[in-house]
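Under the working numbering, think of the first position of the sequence shown as 323, with each following residue one higher.
The block underneath contains the structure these notes are about, expressed in structure tokens.
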Amino acid sequence: MQPVEVVSPATAAILEEKIRSRRARVGIVGLGYVGLPLAVEFAKAGFAVTGIDISAEKTRRVNAGDSYIADIPSSTLAPLVAAGKLRATTDFSAVLELDTINICVPTPLRKTKDPDMSYIVSSCQEIARHFHAGTLVILESTTYPGTTDELVLPMLAKGGLEVGRDFFLCFSPERVDPGNPRYQTANIPKVVGGCTAACTRVGSLFYAQALETVVPVSSTQVAEMVKLLENTFRMINIGLANEMALMCDRIGINVWEVIDAAATKPFGFMPFYPGPGLGGHCIPIDPFYLSWKTKQAGIEARFIELAGYINGQMPHFVVDKVQNALNDAGKPVKGSRILVMGVSYKRDIDDMRESPALDVMMLLQRRGGIVSYCDPYVPSLKLDDLNLESEPLESAADADCVVIVTDHRAFDYRLLLEKAPLIVDSRNALKGVVSEKIVRL
Ligand SMILES: NC(=O)c1ccc[n+]([C@@H]2O[C@H](COP(=O)([O-])OP(=O)(O)OC[C@H]3O[C@@H](n4cnc5c(N)ncnc54)[C@H](O)[C@@H]3O)[C@@H](O)[C@H]2O)c1
């Protein structure tokens with residue numbers, strides 16, 4: 323329940339009128355995978371948008387209409403920049419001119435698996451230096467429940483401004499799925515919860531101008547928890563699929579066939595698939611925000627810890643498969659040439675963050691394998707002290723074993739099958755193909 327509040331109708335009404343008439347000056351802090359698409363949607367909706375980022379390279383590229391996010395073509399960005407609807411800066415004094423601010427900065431984990439709040443803190447400190455009454459602020463970075471009220475609010479209210487009266491503060495989880503052609507920023511329903519009812523109302527009105535569906539909830543904490551439930555659900559179910567794969571492997575059953583057959587049930591089942599391990603900036607990380615928070619409340623998040631353990635075993639399992647396949651072919655892994663197909667953390671994108679491919683490559687190398695890779699989205703990468711460049715798919719002919727780690731649609735699997743002497747397929751990319759060359763997860 324949100325507290326009954328005394329709202330200054332004037333401040334809220336003025337801001338709401340600016341939002342409705344699209345005269346509100348929109349600010350997006352952090353122009354990455356989340357922030358740039360959001361900035362583009364609001365610019366497309368007719369708002370004047372200012373992006374603020376600490377990266378001079380990113381702001382330069384935005385101002386040149388040159389997109390660095392695969393889901394935003396430069397042909398979409400450039401006309402918005404040319405029309406004066408979108409600009410970028412590294413200078414936080416732009417906040418003085420803004421009516422709304424969305425914060426989309428990173429929230430990684432520290433090595434200890436504790437939340438790293440430093441990006442939220444430093445961006446909010448900068449915002450606070452130039453903050454003024456009449457502004458709507460929305461935190462979008464994934465974080466533990468309580469962050470908006472306990473961490474962000476005190477920084478913004480420091481100057482004596484009162485939330486819900488002088489300014490408006492919400493949390494709205496970002497659900498963008500890079501590389502998904504069907505669901506993008508504009509048509510993914512937007513959950514929003516404010517510190518007060520007026521905050522929720524103003525935040526919902528804001529999103530409704532550019533996004534198709536807005537889902538208001540009763541508090542910032544509920545909105546924060548929604549994101550953690552979604553990603554924890556995914557992480558645990560992938561963990562279950564991975565454990566199924568380990569069990570099926572041990573007793574000689576094809577796990578992919580099992581999942582596909584189970585997925586024919588029209589209710590009560592949703593397929594998740596095994597793979598070489600979790601990757602990306604969200605699924606391997608966000609659930610630990612929740613377990614960190616609940617630990618403080620005396621509750622061990624046991625599903626999360628268990629799924630984290632099983633998912634963490636998968637790169638080892640894939641490497642064992644490679645080693646066994648090579649052994650069966652009479653070649654020890656030491657000295658064998660192994661080509662890894664796909665190194666980004668999921669198909670059809672260029673994002674390498676937390677990619678299990680790096681673990682697979684590292685483990686193979688430690689066992690003495692000579693590792694190379696092929697990925698049209700990742701031209702080069704660094705593995706320990708080694709600088710590698712993407713090899714052409716044809717180089718599969720020179721490998722002793724090929725491992726499919728990320729199943730990009732751009733790969734010519736027919737050609738791969740022709741060239742490679744041995745294939746370990748950790749994604750079922752060669753579904754339906756019968757060949758003695760293929761070892762499946
Ligand atoms: N990428 C995704 O698919 C995705 C999906 C849902 C939620 N999220 C969440 O959204 C948030 C942002 O993720 P992302 O993938 O866009 O990250 P990103 O690394 O792509 O972008 C973050 C941007 O913030 C900038 N930045 C860092 N510190 C800053 C500061 N103090 N002031 C201004 N800018 C700063 C960085 O230069 C970078 O451009 C994270 O909390 C993430 O968990 C990401």
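No residue lacks a Cβ here, since even glycine has one placed at the ideal position from N, Cα and C.
Owing to the predicted nature of the structure, the values given are computational and were not obtained by experimental measurement.
_By alpha-carbon positions, which one of Asn-502, Tyr-611 and Thr-554 ends up nearest to Ala-392?_
Asn-502
*Leu-402 to Lys-340 span [Cα, whole Å]*: 20 Å
*Going by CA-CA distance only, name the one from Asp-734, Leu-710 and Asn-709 that's closest to Glu-716.*
Asp-734
*For Ser-702, which residues does DSSP report across the bridge?*
Glu-711
*asked:* Tell me the rounded alpha-carbon separation between Arg-342 and Gln-618.
replied: 42 Å
*Which residue from Ala-386, Ile-350, Arg-383 and Thr-381 puts its Cα closest to that of Ala-370?*
Ile-350
*If we count Cβ pairs, one from each stretch, closer than 8 Å, do we get three or more for the segment 435-444 versus the segment 572-591?*
no
*Neighbourhood of Thr-522 by C-beta, 7 Å cutoff - its chain only, sequence neighbours within 5 removed*: Cys-492, Val-514, Gly-515, Gly-516 and Pro-538
*Do you know how far the Cα of Pro-359 is from the Cα of Pro-395?*
10 Å
*Pull up the distance between the alpha-carbon of Glu-565 and that of Arg-762, whole angstroms please.*
15 Å
*Run the CB neighbour count on Leu-418, radius 10 Å, all protein chains shown included, and call it buried at 16 or more, exposed below.*
exposed
*asked:* For Ile-726 and Gly-597, I'd like the C-alpha separation in whole angstroms.
replied: 10 Å
*Tell me where the beta strand (DSSP E) around Ile-760 begins and ends.*
760-762
*Considering only C-alpha positions, which residue in the set Ala-450, Gly-486 and Met-547 is nearest to Arg-301?*
Because the chain in this structure spans residues 323 to 763, residue 301 falls outside the shown range and cannot be described.
*Taking 7 Å as the cut-off, is the CB of Ile-423 close to at least one heavy atom of ligand 1?*
no
_Cβ shell of Ser-694 (< 6 Å), same chain only, five flanking positions each side left out_ = Leu-661 and Glu-713
*Return the bridge partner residues of Ser-694 from the DSSP annotation.*
Leu-661
*Less than 7 Å between the CB of Glu-363 and some heavy atom of ligand 1, yes or no?*
no
*Beta carbon of Asp-681, beta carbon of Gly-599: below 8 Å?*
yes
*State the Cα-Cα distance for the pair Leu-752 and Lys-759, rounded to the nearest angstrom.*
11 Å
_Completely contained beta strand (DSSP E) runs for the segment 382-468, where each covers 3 or more residues_ = 408-411, 422-425 and 458-461
*asked:* Closer than 7 Å to a non-hydrogen atom of ligand 1 - does that hold for the CB of Arg-497?
replied: yes
*Using the rule of at least 16 other Cβ atoms within 10 Å of the residue's Cβ for burial, across every protein chain shown, is Gly-754 buried or exposed?*
exposed
*What residues are listed by DSSP as bridge partners for Gly-515?*
Phe-493 and Val-539
*Quick check: the segment 461-481 against the segment 529-538, are there 3 or more CB pairs under 8 Å?*
no
*Count the other CB atoms, across all protein chains shown, that sit within 10 Å of the CB of Ile-621; report buried if there are 16 or more and exposed otherwise.*
exposed
_I need the DSSP call for Asp-747, collapsed to helix, strand or coil._
strand
*Any idea which residues DSSP pairs Gly-349 with across the strands?*
Thr-372 and Ile-423
*Own chain, CB closer than 8 Å to Val-700, minus 5 neighbours either side, in chain order*: Val-665, Ser-666, Asp-672, Met-674 and Ser-712
_Spatial neighbours of Ile-510 within its chain, please: C-beta separation below 6 Å, excluding the five flanking residues on both sides._
Arg-497
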